[in-house]
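Heads up, the thing below is written out as structure tokens.
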Amino acid sequence: MDPPTGPSLGLYDYDLLVIGGGSGGLAVAKEAAGLRKKVLILDFLAPSPRGTERELGGSSFNMDSIRKFLQQATLLGKAVQDSQKYGWRFRHEGKLVSDDESHDQTLHLSLVRELKSCGVFYLRARGEIVAPHTVEVNVNGRKRHLTAETLVVATGDRPQYLDIPGDREYCLTSEDLLSLPHPPARTLVVCGSAEGLECAGFLFSLGLQVTVMLLADLLQEFDLKMAEKIENYMFVGGVDFLHHCSLSKVQRHTDTQTGRLQVTIISKDGQIKQDHFDTVLLAVGRKACTSDIGLECVRVQCSQDTGRILVNERDQTSVDHIYAIGSVQHGRPSTTGLSVHAGKLLARRLYGGDSILCDYTIVPTVVLTPLEYAACGLSEERANLIFGEDSIEVYHSYYWPLEWTLPARNKNSCYVKVICHIPDHERVVGLHVMGPNAGDILQGFVTAMKCGLTKQQLDATVGIHPGAAQVSILFFLKKLFGDIE
């Protein structure tokens, strides 16, 4: 199959060529095509060491829906347990059946059809920049050069490995987990990241034995106290945690018929011990897919530490006609919603006459752990660092959702924290919610924060009763003096 070029545009084959099919790349392509520009997306990424292929839409777009499905499965399981307190009785036990692979294929085909209907050309092929406006495409062993006036890099990122003996041969990543032909059974999750905790929570909620090995502080990019509460909730629920140790080797157990893995663990004080697991899942961070797409050929500047692309406030790289969107950007938050929003704004600036920049400061995110955690704005630690402790006031409260009262679930699990900047009329600079549907609760407050929400306005808001948002945000907030820690 030859790359689709169509009528010549004069100097270039395309107005816009997007390298990578991440969520931000899809957004900028569709928006540009809607503004009557000729657009091509090139998307191909080699399979993982375990053979798992990434579909169109990028890791975050595809995994987000799977994360939500898995969370819903675990929530339904918990709801079945609670239902007896509400009078329900069941004759047969339920069984979880996964259909995630067919969902991935359906989503991929749906995205391809959507691109076609928008007028975007799509080619499942690897693209490499070989000259300022030229990309080399390899299709079925045939190379061809395509030109474009503007290039956008949206190649995303992929899970990292530890580069220890046995990691690529025997360990899984989150991308591989859903392709297992059998249950993962006793699992070691090596992490500290949101991705790892989510996976650990999913597996444990489905009845598996799970141990989490923390290579660094838990949820480093989030509020420290909120991270501690998530760990405590999971630990009390039955998830094991290993602190201050590292994984040095993974190998097949000497009894190969068991299929079990032998892991070598080194503690902080240098002691070595071995243990056995059926599955080892690595969630130790993600690496930007920028190393083999020709950025160095045109001198696009990247961070030496992260490999991610340096961009300005307009998402423009060090080369004027090349832009970057999504998780390939250095030093910026990365969520699917943010990438889509930034991609649309970029296309409108390029072709629609707009000048609106993407705001990367007030970005909501959600962690789908067994008890959901959503956050927007600054952590308490970050706020103290930016403004100084004397300029920050923190309000917080535990709350008990009404639907938890009848089954008598833990009364001191759900929690909310509001961080305010005192000199600016106690403007809310950070909002953190841990509880059922935390992401949905937070969504409306994100708009209010972008409009300069203050603590006084928050207090004056009338809540919907009964409702979790009212309980968690609008009632009973206290100053944080450690009285209910």
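In terms of full-length UniProt numbering, the sequence shown has 75 at position 75, counting the first letter as 1, and numbering is strictly consecutive. Cβ coordinates follow ideal geometry from the N, Cα and C atoms, glycine included. The structure presented is a predicted model; accordingly, all values stated were derived computationally and were not measured.
N-terminal and C-terminal residue of the beta strand (DSSP E) that residue i is part of
i	result
ILE265	261-267
GLN274	272-277
VAL137	134-139
ALA374	373-377
ARG124	ARG124 -> no beta strand (DSSP E), and no H or E assigned at all.
LYS287	286-288
Helix, strand or coil at residue i [DSSP, three-state]
i	result
HIS396	strand
GLN329	strand
ARG409	coil
GLN209	coil
ASP15	strand
GLU308	One point to set straight first is that residue 308 is Arg, not Glu, in the sequence displayed. DSSP places ARG308 in coil when its eight states are reduced to three.
ASP424	helix
LEU402	helix
THR173	strand
LEU188	strand
ARG314	coil
CYS297	helix
VAL462	coil
CYS245	strand
Contact under 8 Å by Cβ, residue i with residue j
i	j	result
LEU188	MET213	yes
THR155	ILE19	yes
ALA438	GLU380	no
LYS38	TYR14	yes
LEU177	LEU242	no
SER179	ALA283	no
HIS253	LYS268	no
LEU368	GLU198	yes
LEU346	ASP315	yes
VAL210	LEU247	no
LEU378	VAL429	yes
ALA125	VAL137	yes
Residue closest to residue i, alpha-carbon to alpha-carbon, out of the options
i	options	result
LEU40	ARG142, TYR122, PHE445	TYR122
ALA375	LEU350, LEU178, GLY435	GLY435
VAL416	LYS450, LYS479, GLU381	LYS479
GLY452	VAL462, ALA438, GLY467, ILE419	ILE419
residue 486	GLY388, LYS249, ASN410, GLY285	Outside the shown range of the chain (1 to 485) lies residue 486, about which nothing can therefore be said.
VAL363	LEU357, PRO333, LEU350, ALA342	PRO333
ASP292	LEU75, HIS465, VAL135	VAL135
PRO407	LYS85, VAL433, SER205	LYS85
VAL446	GLN457, ALA460, HIS133, LEU431	LEU431
VAL298	GLY207, PRO132, ASP440, GLN209	PRO132
GLU149	LEU16, SER391, ALA342, THR461	LEU16
residue 569	GLY294, ALA79, SER117	The structure shown does not extend to residue 569, since the chain is modelled only from 1 through 485, so no value can be given for it.
ASP359	GLY343, PRO370, ALA227, ARG142	GLY343
PRO401	ALA383, VAL130, ILE441, THR365	ILE441
Run of the alpha helix (DSSP H) containing residue i, from where it starts to where it stops
i	result
PHE204	194-205
ASP459	455-459
PHE235	224-237
PHE387	380-387
ILE441	438-450
ARG349	336-351
LYS38	No alpha helix (DSSP H) holds LYS38; DSSP gives it neither H nor E.
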